[in-house]
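Following: one structure in structure tokens, then a few remarks.
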Amino acid sequence: MLFDFGLLKTIWRETGTHPPFTRTPETDLVMNDEGSVLAYEKGGRPTGALAGAYLYHLAQMCALIKSGDLVLDLGCGPGNLLAQVAKLNPRAEFIGVDLSESMLALADLRFRQAEIPNVELQLADMTRLSQFGDASFDTIISSMALHHLPDISALECCFSEMGRVLRPNGRIYLNDFGRLKCRESVGYFVGRAAAGEEQALVDDYTQSLHAAFSKEEFEALVARYLQGRARVFSTIISPLTVVIKGGSSSPSLVPKRELDMIYRALPAPRKNDVQQLKLFLRLGGLPSAL
Ligand SMILES: C[S@@+](CC[C@H](N)C(=O)[O-])C[C@H]1O[C@@H](n2cnc3c(N)ncnc32)[C@H](O)[C@@H]1O
Numbered sequence: 006m007l008f009d010f011g012l013l014k015t016i017w018r019e020t021g022t023h024p025p026f027t028r029t030p031e032t033d034l035v036m037n038d039e040g041s042v043l044a045y046e047k048g049g050r051p052t053g054a055l056a057g058a059y060l061y062h063l064a065q066m067c068a069l070i071k072s073g074d075l076v077l078d079l080g081c082g083p084g085n086l087l088a089q090v091a092k093l094n095p096r097a098e099f100i101g102v103d104l105s106e107s108m109l110a111l112a113d114l115r116f117r118q119a120e121i122p123n124v125e126l127q128l129a130d131m132t133r134l135s136q137f138g139d140a141s142f143d144t145i146i147s148s149m150a151l152h153h154l155p156d157i158s159a160l161e162c163c164f165s166e167m168g169r170v171l172r173p174n175g176r177i178y179l180n181d182f183g184r185l186k187c188r189e190s191v192g193y194f195v196g197r198a199a200a201g202e203e204q205a206l207v208d209d210y211t212q213s214l215h216a217a218f219s220k221e222e223f224e225a226l227v228a229r230y231l232q233g234r235a236r237v238f239s240t241i242i243s244p245l246t247v248v249i250k251g252g253s254s255s256p257s258l259v260p261k262r263e264l265d266m267i268y269r270a271l272p273a274p275r276k277n278d279v280q281q282l283k284l285f286l287r288l289g290g291l292p293s294a295l
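What follows is the structure in structure tokens.
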């Protein structure tokens with residue numbers, strides 16, 4: 006079902022002209038707490054709470070990544086999504102950075118067990134990428150990580166670094182949450198996506214939506230550091246999902262058959278997540294790659 010009463014109420018609340026509520030940073034900026042790390046990793050498994058969103062963004066990332074690319078993933082976490090991207094793009098090389106040792110340990114185990122050879126992991130800060138030279142990456146990706154930065158100046162450092170390390174005609178695909186206008190809307194979206202999930206994941210999602218930067222903040226930083234190289238899109242009406250995308254997608258790069266298999270294995274609520282992202286981001290100006 007694409008529409009429900011709670012969604013309609015949320016849309017009504019979010020259409021007001023008032024600005025987004027005040028941001029509350031994550032308590033666990035770098036995710037090292039064992040309980041939340043494990044719950045997060047579980048949520049990212051093939052039938053977990055994040056699986057639908059991952060599939061949508063996986064298709065978009067695949068449409069941008071070319072054979073021979075060097076790709077940087079900022080805040081790769083336990084690597085659930087990075088593993089899927091790297092597996093579907095075996096001729097590209099990936100560097101995943103994260104500041105959490107626990108997350109990287111899980112990611113490392115995943116890549117070794119799945120025998121995915123084209124990923125290097127680095128314990129590094131996405132706001133300080135001095136280990137990488139100017140214009141050293143063909144593509145930059147990031148998923149659900151930017152809201153973990155403490156404040157707008159850290160986000161600005163991250164965008165400045167992205168603008169520096171991305172080559173001039175490079176491609177970029179970042180997805181994150183956008184800050185909503187009403188705190189009540191957070192409860193609706195969390196309930197929809199994380200019903201029946203572990204409390205740690207529910208709490209994590211709630212905190213994420215409170216810690217999200219606003220679409221306007223993203224737009225200002227893209228204009229300053231990625232001008233002409235990327236655009237900001239969001240789900241229509243409420244910017245629950247924000248995507249920053251640069252470079253043209255090639256439908257021929259999308260492995261339709263593999264993505265279709267992933268879609269078919271999703272539980273019904275996660276299929277619904279994919280359909281809603283497709284619809285609400287398309288209405289926000291971003292065509293789906295699925
Ligand atoms: C919610 S997870 C997202 C993981 C993964 N990208 C995904 O889509 O599932 C956010 C990650 O960002 C990491 N992180 C937070 N601050 C960071 C920083 N300054 N530099 C690098 N990683 C950071 C956290 O440790 C965490 O693993």
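Here my numbering is used: position 34 in the sequence shown is 39, and no number is missing along the way.
Just so you know, even glycine gets a beta-carbon here, dropped at the ideal spot from N, CA and C.
In the DSSP assignment, find the unbroken beta strand (DSSP E) run with residue i in it and report its ends.
{"i": "I177", "result": "171-182"}
{"i": "I249", "result": "246-251"}
What residue range is occupied by the uninterrupted alpha helix (DSSP H) comprising residue i?
{"i": "Q280", "result": "273-288"}
{"i": "K14", "result": "10-19"}
{"i": "I267", "result": "261-269"}
Could you check whether the Cβ of residue i sits closer than 7 Å to any heavy atom belonging to ligand 1?
{"i": "V35", "result": "yes"}
{"i": "H153", "result": "yes"}
{"i": "M108", "result": "yes"}
{"i": "A91", "result": "no"}
{"i": "Y178", "result": "no"}
{"i": "C81", "result": "yes"}
{"i": "L206", "result": "no"}
{"i": "A150", "result": "yes"}
{"i": "D38", "result": "no"}
{"i": "L86", "result": "yes"}
{"i": "M131", "result": "yes"}
{"i": "G183", "result": "no"}
{"i": "V102", "result": "yes"}
{"i": "G21", "result": "no"}
{"i": "G57", "result": "no"}
{"i": "Y45", "result": "yes"}
{"i": "S105", "result": "yes"}
{"i": "G251", "result": "no"}
{"i": "G49", "result": "yes"}
Can you check DSSP and say which residues form a bridge with residue i?
{"i": "V42", "result": "Beta-bridge pairing links V42 to no other residue."}
{"i": "S148", "result": "N180"}
At what residue ranges does the segment 65-146 contain a whole run of the beta strand (DSSP E), taking only runs of 3 or more? Runs of the beta strand (DSSP E) inside the segment 65-146: 75-79, 98-103, 124-128.
Which whole runs of the alpha helix (DSSP H) in the segment 190-239 are 4 residues long or more, in chain order? The qualifying runs are 204-216, 220-230.
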